[in-house]
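Q: full-length UniProt numbering applies: residue 1 is where the sequence shown begins, and numbers increase by one. Where a beta carbon is used, it is the ideal one built from N, C-alpha and C, also for glycine. None of these values were measured; they are calculated from a predicted model. The structure follows.
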Amino acid sequence: MHPIVTGTDAIGDRVTLCLNEHRFLAYKLLDALSHASSNTTPSILRTTDSLFEDVLKKDRVLLQTIKQLNQHQRAQKELDRIKQQIAEKEAKIVAYAKELRTGQQAINSVLLKHKRVLENAKAAPNTPRFPPQDIIAYAHKVASTTSAALNWQPGFAMVGFLPPAPTPEMMRAGVLSRGIIDSLVTKESTAYTATKRPIEDITAPTPLTGEVRINLGTSDEEIEKLFPAGWKAGDAIDLPAEALVRHRGAAIFADYGIEIPANMLKTGNDYLSVPQTYMDQLRAKLEEKNAGHIDKKQRVDDEDSSGSSSSSENDEGYYYLLLTLHHSNALDRMGRTRNRKKHPEFNCHYRTRKMMINYLDMTLKQNAMNIEAKIDFLVGTQNTIFADLMTSNCSASGLLTPDSSKCLALTSKNIAYVTSSSLTSTSTAAVNSALQKAQAASKQATLMLVKCVDDVRGYDQLWFQNSLQSIATFACDSMLSSAEKERCVPIGNSAAVLNGSLCQRVSGNGNCFDQGLCERAANCYWPPPANDREPYYSAADISAAKDWVTHSYPNSFVPFAIPGVFLACIVLLSMVVFLILRCGCNRCYGRNPHRHGYTKLQRVVPITVFGLFTIGIILCAAFAFTQNQVITDGINGSFDAIDMALSNLDTMTNNIDSPLEMISSTVNSTVSQITKQLNPANTSIWMASDMATLQKLTSTFTNRLSSLGPFPLGCTTGGSDVCVSCPAALCSSIPSALTTTMQSLSSSQSAILTIVTTMYNNLQQSQSTIESALSDAATLLGYVQTKATSTQSNLRSAYTSFTSVSSVQIAALLAAFALGLFVCFLGIIGIITGVCSRTCCLIRILNLSWFLGALVCILGFILSAVILIIAMMGNDMCHYVNVLHDNSSAVWPGQMSEILQSCFQNTSLLNALDIDSELSFSCTLEDKFTITNSLNFTPLTAAMTTLSTDLLSIDETTWFSQSPEQLVNEAKAYIPNLTLQNLPTPWKAYGYASLSATGETSCYSASTTVAPRCYMNIKCNGGSTSCYASYVAAYDTYLAEQQIHDSLVELNADFSAATSQHSAGWNTSYVSILNYMTTYTDALTQLNYNVLAPLKSGVVGDILKRVDQMKCSMTCRWLNASYNLLYDSVCSNLVGSTLIISLCIFLMCLFLLPIIFMEIVLEKRLRGLRKESEKKSNAAKPIPSTQA
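Structure follows, in structure tokens:
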């Protein structure tokens, strides 16, 4: 017995109780048997018999309880399965809602972007803007390290510019050259101007209209030239803090909420002295304002990552600061060779440097964040498209919706399924409305009667399932001979299963291959050949099924036959005894009437009873007559349902045959084309290998970026010494954006790789298996079609025979009632004759009437019992059909039952035909082809190019608030001969050529980077002196810049090959990550559009189309319509009408019993004297005289 599942505690208690009672009775029975063996008495024997009966009863109760427990367990499992399905559907709904929300956000973002573009387009044309081309062109004119002579041409050396002047390659790769220098400088041989002009028009450089002159650190008039046209006091503009203070004075602090005591402000004729603390507060306020402005732009600006930044206001400020920073670097280089005191403009320059660096670093971070956000949006959108595409209704064994536009297009040339049979006539004769109402009422009565029969029998669905399984087992055993039940057959036998020209081999005990024989093909007894093959039914199963069909099942109908047979026997016995006593012994009140005669009441009462029951018989006959049309409709409906099912089965096999044959014939050529054009084995290898290499390169690169710093190497942040961490724009944003880009590339590559591997594994490697499975399916369909055709022919012949005898249907239906009515008719003749004359000989006809009536009762009771049993069997057949409809595989194993189950459940026939796994490639290829059709690697390559440009734009000099030159100048107060050149070798400032020449032996063993600090610690008389602190600040800054510069050079070389110095361990066979990815995406694009796309539109697409056509043709919805018609015709019409007729015959026989009794009585009373007439005759006679 199965363990008791949750929720069956009550049933479990019942089972436990039954087991305990059964055990108790068994113990008592054993004890009684023990006593009976030693002392046999009648009381002990009766006790033993009683215990035997109790044990048997309890055993039946226990069996019924266990069946209920099994049923409850099945129901609980089904409930759990439904709950799981509900949970899965809810999860899918939630996931779809999330995707819908993501799509809505993406749409809103795009709409907001275009709204922003429209607003900018509608803006007033006189809005002050700085054309980036003019700014960049002016930068090339005034920046000493980025300008060139008028006669400079692309490819010429930058003569006259010493390091650290940028090389032409660095200039063209810089931020200022992004999409603009190529058109203004590199590709033109003219001077650097914002617009293209003929060479003859070029004269001495003159300011363009509205040109902004950048010359920070000079007079107020020159600062005012930086303001755009139309600017007035109070307008917001991004200017350095010093410039704002010089222009507006101390009032600027009040505008930003900074209060400065009057005694702390020092004013002069041309200067305003402000404490550093308040200047830092002002810079912080300006940074907050700029950051808020940038954040707002990021929320509303969703510009394309391919170059839209060149026209935005934020980028104008960005170019402005870059220009100023380059100019500042030029001034720094000038300061190395000139005396700072001779150039007072440096004072303003150094004060504004920190502000510009901070703002530029913030701008770089913001750009990196924008790039990352745009890549996230791109990947998110692409993933959403992938998710939508992958949410496909297609599955390996799933049906396509027959009513979908795709299926309608594919099956437009298919044969249409019939919705009605051609057997029955469509014309209808006029029917009396009263008869129609009577037939409708009788049909309702039949439905109620059928329900009552089910309630009386009391069997559940499990009982019918077990019964049908036993009947199917018995039928299979009876249909097959002993030879057909043998597992192994010779190779030449038609039932042998072959694999090519040899017998199919399976493992396990008793396999036929080891015996030199072949496995038998699947039938109702043997499943398809498989390892450890066993028959569906064991010997015990067959024996139990035989006992059920021949004994147990027929015995279940005996209680319903007992009433009719019992009454028939009683009537027969009563008739025989009555005839013997009345006719032979003159008993039963004798053969002659009473000598005193009978009163009128004694004659009228039997006649009245006779008339009433005669009317009852007439009503039964009339009600039975109403079932004539119901039976006719049921028989016609049964023929129609079977004929429709067979016609549609033939149609379906014809519709499937065409694509199935096409697939079988094109598999070989399709595989050849795939092997020739795609070579899936090699293609999948290089796709996976190159992707793994690219992922390894990017992973190494991102790990190095994430672990970059702090600088100088080995320092500790938070201390008093110089120690800077890697900015987030470099070490956080770029790795994150690169990781996101690689994830998107991996998703796209996975779709293409799945197509390649599917073609290789499911087509090229499984070609022979597919061809064999398709051949077997075609053979099975041909067998089904042949059987359907022959069965339909026999069915139509049977229907023709039925229509030829349908005219006598009503006569056959009313034959039994006609005999009953004939008995009544004879009785009526005898009664009328007797009422008219008591001496007429026709009164004797009543004896013939009741004798014939008795015979009709005997036959009628038996006939009603037989018809009732037939109706009960028909009702059981309806339940069996329901079992087959719900789960045919459970009671009828084999491939045909799987086909029937698939049709009833409206699922695919691929699994039933054993071709689902062979054709599973179709859904995978269709889904992936749909994805690859929309793939575009250009945004990914553009994103990588943008990351490369941003990486190149990072300048190591922006990481520190003070440059090494500044710190060296400050350290000269303690080390006069210290310069930037001898900063890493401070002993040269003291006149020593090398460290060994100084004689400071304690520093000899120190590393190259530590030796200068060791030496200066000695020279400055300790590490706590200002001399040592100023040197260390300058030296650490210089060392950190050099280390950062070296790291950036290696990073740029690894990522984009902008430099030639790669990192340690770099594989020199790779140019760069960007080059490798570009090459790989180009190969994927070529594979997708030059190889896969032609295959999709060619042989592969054709075979996928045929598979879809076959799926669309595999619809069995018509079987449910035929099933419903057959069920209504048989179960509602024929079974119900048969029950009604059985009941009417039974009632007619019951009504005949009082009629027979009344005829026996009337036969004597109508022949006897009338007491009323006797009195009259006596009154008319003269009274005799008493006188003599």
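1. Output the distance between the C-alpha atoms of Ala472 and Pro527, rounded to the nearest integer angstrom.
2. To the nearest whole angstrom, what separates the beta carbons of Leu1087 and Thr683, a pair I think is in contact under 8 Å?
3. Quick one: is Ala91 buried, meaning 16 or more other Cβ sit within 10 Å of its Cβ, or exposed?
4. For Arg603, count neighbouring Cβ atoms within 10 angstroms of its own Cβ and tell me buried if that reaches 16, exposed if not.
5. According to the neighbour-count rule (16 or more other Cβ atoms, all chains shown, within 10 Å of its Cβ), is Met687 buried or exposed?
6. Output yes or no for whether 8 Å exceeds the beta carbon distance between Val609 and Pro1154.
7. Is Ala1058 helix, strand or coil by DSSP?
8. Since Pro593 contacts Gly1168 with CB under 8 Å, what's their CB separation in whole angstroms?
9. Below 6 Å CB to CB, which residues in the same chain sit around Val756 once its five sequence neighbours on both sides are set aside?
10. Tell me, please, whether the segment 1130-1138 touches the segment 872-891 by the rule of three or more beta-carbon pairs shorter than 8 Å.
11. Is it the case that the Cβ atoms of Val722 and Ala1033 are separated by a distance below 8 Å?
12. Among Asn586, Ile11, Leu410, which has the Cα closest to the Cα of Leu1110?
13. Which residue's Cα is closest to the Cα of Cys731: Ile1044, Lys406, Lys28?
14. Apart from the five residues on each side of it in sequence, which residues of its chain come closer than 6 Å, Cβ to Cβ, to Pro659?
15. Should Gln629 go down as buried or exposed, given a rule of 16 or more other Cβ atoms within 10 Å for buried?
16. Considering only residues of the same chain and omitting the five flanking positions on each side of Ile11, which have a CB-CB separation below 8 Å?
17. Can you tell me which of the three DSSP states Cys488 falls into?
18. In three-state terms, what does DSSP make of Val609?
19. Indicate whether Gly820 and Val856 have their beta-carbon atoms separated by less than 8 Å.
20. For Val823, count neighbouring C-beta atoms within 10 Å of its own C-beta (all shown protein chains included) and say buried if the count is 16 or more, exposed if not.
21. Using three-state DSSP, classify Glu898 as helix, strand or coil.
22. Are three or more beta carbon pairs between the segment 1138-1147 and the segment 845-859 nearer than 8 Å?
23. How long is the line joining the alpha carbons of Leu846 and Ala621, rounded to whole angstroms?
24. Ile752 and Thr1008 - do their beta-carbons sit closer together than 8 Å?
25. Check whether the Cβ atoms of Asn531 and Gly508 sit closer than 8 Å, and answer yes or no.
26. In chain order, what residues of the same chain lie with their CB nearer than 8 Å to the CB of Cys1144, ignoring the 5 residues before and after it?
27. Can you look up Cys569 in the DSSP assignment and give me helix, strand or coil?
28. Considering Ile832, what are the terminal residues of the alpha helix (DSSP H) in which it resides?
29. I'd like to know whether the C-beta of Leu913 is nearer than 8 Å to at least one C-beta of chain C.
30. Can you give me the C-alpha to C-alpha distance between His551 and Cys518, rounded to a whole angstrom?
31. Give me the DSSP bridge partner(s) of Ala496.
32. With DSSP as the reference, please indicate the residues paired to Phe711 in a beta bridge.
33. Under three-state DSSP, which class holds Met273?
34. At which residues does the alpha helix (DSSP H) containing Lys972 begin and terminate?
35. When you compare each of Cys588, Met759, Ser470 to Val667 by their alpha carbons, which one comes out closest?
36. Excluding the five sequence neighbours on either side, which residues of its own chain have a C-beta within less than 7 Å of the C-beta of Ser1047, listed in chain order?
A: Taking the structure as given:
1. Residue 472 sits at position 472 when you count from the first residue of the sequence shown. Residue 527 sits at position 527 when you count from the first residue of the sequence shown. Using only the alpha carbons, I get a separation of about 15 Å.
2. In the sequence shown, the residue the question calls residue 1087 occupies position 1087. In the sequence shown, the residue the question calls residue 683 occupies position 683. With a Cβ gap of about 7 Å, Leu1087 and Thr683 count as contacting.
3. The sequence position of residue 91 within the sequence shown is 91, counting from 1. The residue in question, Ala91, is exposed, as its Cβ has fewer than 16 Cβ neighbours within 10 Å.
4. As a working note, residue 603 is residue 603 in the sequence shown. With 16 or more Cβ atoms within 10 Å of its Cβ, Arg603 is classed as buried.
5. Walking along the sequence shown from the start, residue 687 turns up at place 687. Counting Cβ neighbours within 10 Å, Met687 comes out buried, since at least 16 surround it.
6. For the purposes of this step, residue 609 is taken as the residue at position 609 of the sequence shown. For the purposes of this step, residue 1154 is taken as the residue at position 1154 of the sequence shown. Yes; because the gap between Cβ atoms is below 8 Å, this pair is in contact.
7. Numbered from its first residue, the sequence shown carries residue 1058 at position 1058. Coil.
8. Residue 593 sits at position 593 when you count from the first residue of the sequence shown. Residue 1168 sits at position 1168 when you count from the first residue of the sequence shown. Approximately 3 Å separates the beta-carbon atoms of Pro593 and Gly1168; this is inside 8 Å, confirming the contact.
9. Locating residue 756 in the sequence shown gives position 756, where the first residue counts as 1. Taken in chain order, the residues that qualify are Pro680, Thr683, Ser684.
10. The segment 1130-1138, when compared against the segment 872-891, does touch it at the 8 Å Cβ threshold.
11. Sequence index remark: in the sequence shown, residue 722 carries index 722 (1-based). Sequence index remark: in the sequence shown, residue 1033 carries index 1033 (1-based). Their beta carbons are under 8 Å apart, which means Val722 touches Ala1033 by this criterion.
12. Here residue 1110 corresponds to residue number 1110 of the sequence shown, with the count starting at 1. First, the amino acid is wrong: residue 1110 is Met here, not Leu. For Met1110, the nearest C-alpha among the options comes from Leu410.
13. Residue 731 sits at position 731 when you count from the first residue of the sequence shown. That would be Ile1044, whose Cα lies nearest to the Cα of Cys731.
14. If you number the sequence shown from 1, residue 659 lands on position 659. Around Pro659: Arg1106, Gln1109, Met1110.
15. For the purposes of this step, residue 629 is taken as residue 629 along the sequence shown, with counting starting at 1. Burial call: buried.
16. Locating residue 11 in the sequence shown gives position 11, where the first residue counts as 1. Result list for Ile11: Ile4, Thr65, Gln68, Leu69, His72, in chain order.
17. The count along the sequence shown starts at 1 and reaches residue 488 at position 488. It is a strand residue.
18. To locate residue 609, count along the sequence shown from 1; it is residue 609. In this structure, Val609 counts as helix in the three-state DSSP scheme.
19. In the sequence shown, the residue the question calls residue 820 occupies position 820. In the sequence shown, the residue the question calls residue 856 occupies position 856. Yes, Cβ-Cβ distance for Gly820 and Val856 is below 8 Å.
20. Translated into positions along the sequence shown, residue 823 becomes position 823. Val823 is buried by the Cβ-count criterion.
21. Taking the sequence shown and counting its residues from 1, one reaches residue 898 at position 898. Correct three-state label for Glu898: helix.
22. At 8 Å Cβ cutoff, the stretches do not touch.
23. Residue 846 sits at position 846 when you count from the first residue of the sequence shown. Residue 621 sits at position 621 when you count from the first residue of the sequence shown. The alpha-carbon atoms of Leu846 and Ala621 are separated by roughly 22 Å.
24. Mapped onto the sequence shown, residue 1008 falls at position 1008. Mapped onto the sequence shown, residue 752 falls at position 752. At least 8 Å separates the beta-carbon of Thr1008 from that of Ile752.
25. Here residue 531 refers to the residue found at position 531 of the sequence shown. Here residue 508 refers to the residue found at position 508 of the sequence shown. Yes.
26. The residue labelled residue 1144 in the question sits at position 1144 within the sequence shown. The residues are Cys620, Ala621, Phe623, Ala624, Phe817.
27. Along the sequence shown, one-based indexing puts residue 569 at 569. It is helical.
28. Working through the sequence shown from its first residue, we reach residue 832 at position 832. Start and end: 815-836.
29. The structure shown contains no chain C; it holds only a single protein chain.
30. Along the sequence shown, one-based indexing puts residue 551 at 551. Along the sequence shown, one-based indexing puts residue 518 at 518. Distance from the CA atom of His551 to the CA atom of Cys518, rounded to whole angstroms, is 38 Å.
31. For the purposes of this step, residue 496 is identified with residue 496 of the sequence shown, where counting begins at 1. According to DSSP, Ala496 bridges with Arg520.
32. The residue labelled residue 711 in the question sits at position 711 within the sequence shown. Paired residue(s): Val724.
33. Within the sequence shown, numbered from 1, the residue matching residue 273 stands at position 273. Position check: residue 273 holds Ser in this sequence, whereas Met was assumed. DSSP places Ser273 in strand when its eight states are reduced to three.
34. Looking up residue 972 in the sequence shown gives position 972. Here Lys972 belongs to no alpha helix (DSSP H), and DSSP marks it neither H nor E.
35. Here residue 667 is taken as the residue at index 667 of the sequence shown, counted from 1. The option with the nearest alpha carbon to Val667 is Met759.
36. Counting from one through the sequence shown, the residue named residue 1047 turns up at place 1047. Answer for Ser1047: Leu708, listed in chain order.
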